[in-house]
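In full-length UniProt numbering, the protein residues as written are 1 to 622. From the three backbone atoms N, C-alpha and C, an ideal C-beta is built for every residue, glycine too.
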Amino acid sequence: MSRERIRGAVAFCSHQKRVKQYVRRDKYEPTVKLYWVDTKISGKYEKEANELYRESVTGEGDAEDFQVGGVMNKDDPMDFDEAGSGDDADDDHEEDDDGASKSHRGKIDKAAEEAAMEDVENVRSVMANLLKAQGRLNATSDKLREIGSEAATESEEKIQNHVKTLMKLHDELADVKSHFDGHGDFDAKCSRAIMEDVKDTPKAAAKAAAAKPAPKAAPATGKRKGSYTCRGGLKKRIRTDGPVATALVQSVVKGVFWYHNEQCQVSEKHACSLMGAIWEEIKDLPGADTLPSTDVIRKAATLSQTGHECRLCDALEEMKLSAAIPISYVDVGTAVQHPIFGIRDFLSSLSERGKSDLLFCGHPETDYEDFWALWRLIQPQHPVFSQHARKDRLKWCIPVYAYADEGTSQKRRGLMVIQYQPVLGHGSSRGQDLNMIKNSLTTRFLYAVMTSHTYSGKLLKNKPLLQLVEHFAAEMGSLFDEPIPMKCVGGKTRQIRLVCLGLKGDLAALVKIGQLQRNFQRDTPTKTSGPGICHLCHAGQEGHPWHCVTFDNMSKMRENLQPPWTREPSLIRLIPQSEQHKPQFFELDLFHCAHKGVWGDIAANTIASQLSVFCKVSFFCS
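1) Which residue's Cα is closest to the Cα of THR566: GLU542, SER178, ARG518 and ILE607?
2) For CYS500, write down the residues that DSSP places opposite it in a beta bridge.
3) Shortest alpha-carbon distance to LEU466 belongs to which of ARG573, SER555 and THR528?
4) Leaving out five residues before and five after VAL613 in sequence, what residues of the same chain have Cβ atoms less than 8 Å from its Cβ?
5) Measure the alpha-carbon distance for SER293 versus VAL19 and round it to whole angstroms.
6) Note down, in chain order, each residue of its chain lying with its Cβ closer than 8 Å to the Cβ of GLU475, except the 5 sequence neighbours on either side.
7) When the Cα atoms are used, what is the spatial distance from LEU359 to GLY427?
8) For chain D, find out if any of its Cβ atoms is closer than 8 Å to the Cβ of PHE346; answer yes or no.
9) Taking C-beta to C-beta, are GLY540 and ASP523 nearer than 8 Å?
10) Verify whether the separation of the beta carbon atoms of HIS162 and LEU137 is less than 8 Å.
11) Which same chain residues, not among the five before or five after PRO219, have their C-beta less than 6 Å away from its C-beta?
12) Less than 8 Å separating the beta-carbons of GLU587 and GLY502?
13) Between the C-alpha atoms of THR366 and GLN432, what's the straight-line distance to the nearest angstrom?
14) Taking the alpha carbon of SER456 as the reference point, which residue from THR306, LYS269, ARG413 and CYS500 has its own alpha carbon closest?
15) My output table needs one value for ARG24: the three-state DSSP class, helix, strand or coil.
16) Nearest by alpha-carbon distance to CYS13: which of VAL23, GLU4 and SER328 is it?
17) Once the 5 residues before and after SER304 are set aside, which same chain residues still bring their CB inside 6 Å of it?
18) Would THR606 be called buried (16 or more neighbouring beta carbons within 10 Å of its own) or exposed?
19) Tell me the rounded alpha-carbon separation between SER349 and SER555.
20) Can you tell me whether DSSP reads VAL19 as helix, strand or coil?
21) Measuring only the C-alpha atoms, how far is ALA604 from PRO380?
22) Where do the N-terminal and C-terminal ends of the beta strand (DSSP E) with SER328 fall, by residue?
23) Among ASP289, TRP375, CYS310 and HIS15, whose alpha-carbon lies nearest the alpha-carbon of HIS270?
24) Roughly how many angstroms lie between the CA atoms of THR306 and GLU281, to the nearest whole one?
25) Over what stretch of residues does the alpha helix (DSSP H) that includes ILE307 continue unbroken?
26) How many whole angstroms separate the CB atoms of LYS504 and ASP392, which I take to be in contact at a CB cut-off of 8 Å?
27) Return the CA-CA distance between GLU406 and LEU498, expressed in angstroms with no decimal places.
28) May I ask which residues mark the beginning and end of the beta strand (DSSP E) holding MET450?
29) Please report the distance separating the alpha-carbon of LYS199 from that of GLU352.
30) If you draw a straight line from the C-alpha of LEU446 to the C-alpha of ASP331, how long is it?
31) Can you name the residues that DSSP bridges to LYS33?
32) Cα separation between VAL423 and PRO564?
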């Protein structure tokens, strides 16, 4: 075909009304489009062969009469052999029909199977399209929210309902895809009817047990740990205190040490498959039901068989093997209240589960006394010394850091994470007492997360985020004066106070939360001076060039320093601080400033310059 003909075909097929009918994508190369075009065919039809059937009968002699064509009189006898031959012929035809139908049915089943496999392969693209549709609906919802009229509000509610429906479909498709990837086929164990029967089996057994007369149980002296009351009135003990159960929880939640060097985390699917293999070997052995970890192993094996490994954490919570932290809600100025993990609720849950060491990280009270003795040299005016030193409370004052970082969520949208962590941790690969190693789920305590579209924009101006931080600062400040009882090592209850020494994170989060007027975004490359680029000095202002690193200039930049804000942020107002070190509350994070910032730029520039030199040398040598 000529190029003009190809362009015309593409234009014809790409029309909005005909694109779904005439345009297809290649099965193995999704980026290749196939355009279906009918071409004109001319030719001449000729009849080359004929088939003719003739039947003739000839005879000799003188015959009074004869019959042709199998005509039979009513008085003639019936020949059973000839009659049976007709039946045999019919049977042969039926067998041929059955064979043809079976082969045809086999082709239909194979085609249906291939179509189903192709549908499963396309699940990922369908899920991506659902997420795209969700993003567009959210953008439309934001525009309707800015309008603020009654009709816009009603339309926004409808759109949110559609978004919930789309996400429900997305989750169901994700379950189907994950099951197929893990098992390779959809067997009877994954069907909805079988799953409902599995769920109803314990209920039927419980009803049968309730119908029988319940034996009288001995009076209980008190609540027994890890037990619950059956319908018959007996106390049944859940066996979850064995070493296998402990290892399972640690592998999923904390991670496991591999080769005594690297810490990795086991997925829920892997953990359930291991427990399923263990249960398959021990279930028929005598005494298997009385093992210390029987219920945990059996539950994990059931989840592995039914393809619901993602529910392992819920099962661990039901068996009281993980801390169930209650969710609270605070008002941040939006239509609905925002969920948080309250600091007191978080620490109380750890204490109830015997996990208080996640806050102390194995440090005794003498380590905290030594820490505050060193901190007195840096900030002697800090209120912790005037209020708690005389009453011998410093050994139970836990220093913590707040942390904020605006990461990325789905479709690279911003997500602000607010959390806190103890200053004294398990150490690092090169030093002690630093909070560097161990799983971040156990060394950083989450407070709340907030998506960027909730607080960003010209209309919102970070107001919901600032209100959320204010709630955090109020609760953190209350723990400075009002302690919380926690069970320490040895079972003793101590009155614990938290002392927040600063906020660290990336510079973008510090600027938003601290409302810093002098920040890295205020650089003026076209002017000699500006409002300033650092909240700790006069860098970038008139008479203080930031690129001049002489000792005199660096010393002058810290003289007569004014606060970097026009109004004190909530973290400074509600958390006790040293009056002379308020700007230092907003700490510069070493990872973001050096490893991911300055040193990253230096490395990139070095590589770029060396590549140019290397290319010139290689060209000269060639």
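Reading from the atomic positions:
1) Considering only GLU542, SER178, ARG518 and ILE607, the residue with the shortest C-alpha distance to THR566 is ARG518.
2) VAL400
3) Of ARG573, SER555 and THR528, the residue nearest in Cα terms is ARG573.
4) none
5) 60 Å
6) Taking GLU475 as the centre and dropping the five residues before and after it, the same chain places the C-beta of GLY342, ILE343 and ARG344 closer than 8 Å to its C-beta, in chain order.
7) 14 Å
8) No chain D is part of this structure, which consists of one protein chain only.
9) Contact: yes.
10) yes
11) Only weak support is given to the placement of PRO219: the predicted model assigns it a pLDDT of 40, under 50, and the value that follows is read from those uncertain coordinates. None.
12) yes
13) 15 Å
14) Across the set THR306, LYS269, ARG413 and CYS500, the C-alpha of ARG413 shows the shortest separation from the C-alpha of SER456.
15) strand
16) VAL23
17) CYS272, SER273 and GLY276
18) exposed
19) Whole-angstrom Cα-Cα distance: 48 Å.
20) helix
21) 42 Å
22) 328-330
23) CYS310
24) 18 Å
25) For the record, residue 307 in the displayed sequence is Gly; it is not Ile. Here GLY307 belongs to no alpha helix (DSSP H), and DSSP marks it neither H nor E.
26) With a contact defined as Cβ atoms closer than 8 Å, LYS504 and ASP392 miss out at about 30 Å.
27) 24 Å
28) 445-451
29) With a pLDDT of only 43 at LYS199, under the threshold of 50, the placement of this residue in the model should not be trusted; the figure read from the coordinates follows. For LYS199 and GLU352, the distance between alpha carbons rounds to 31 Å.
30) Those two C-alpha atoms are separated by around 18 Å.
31) ARG25
32) 26 Å
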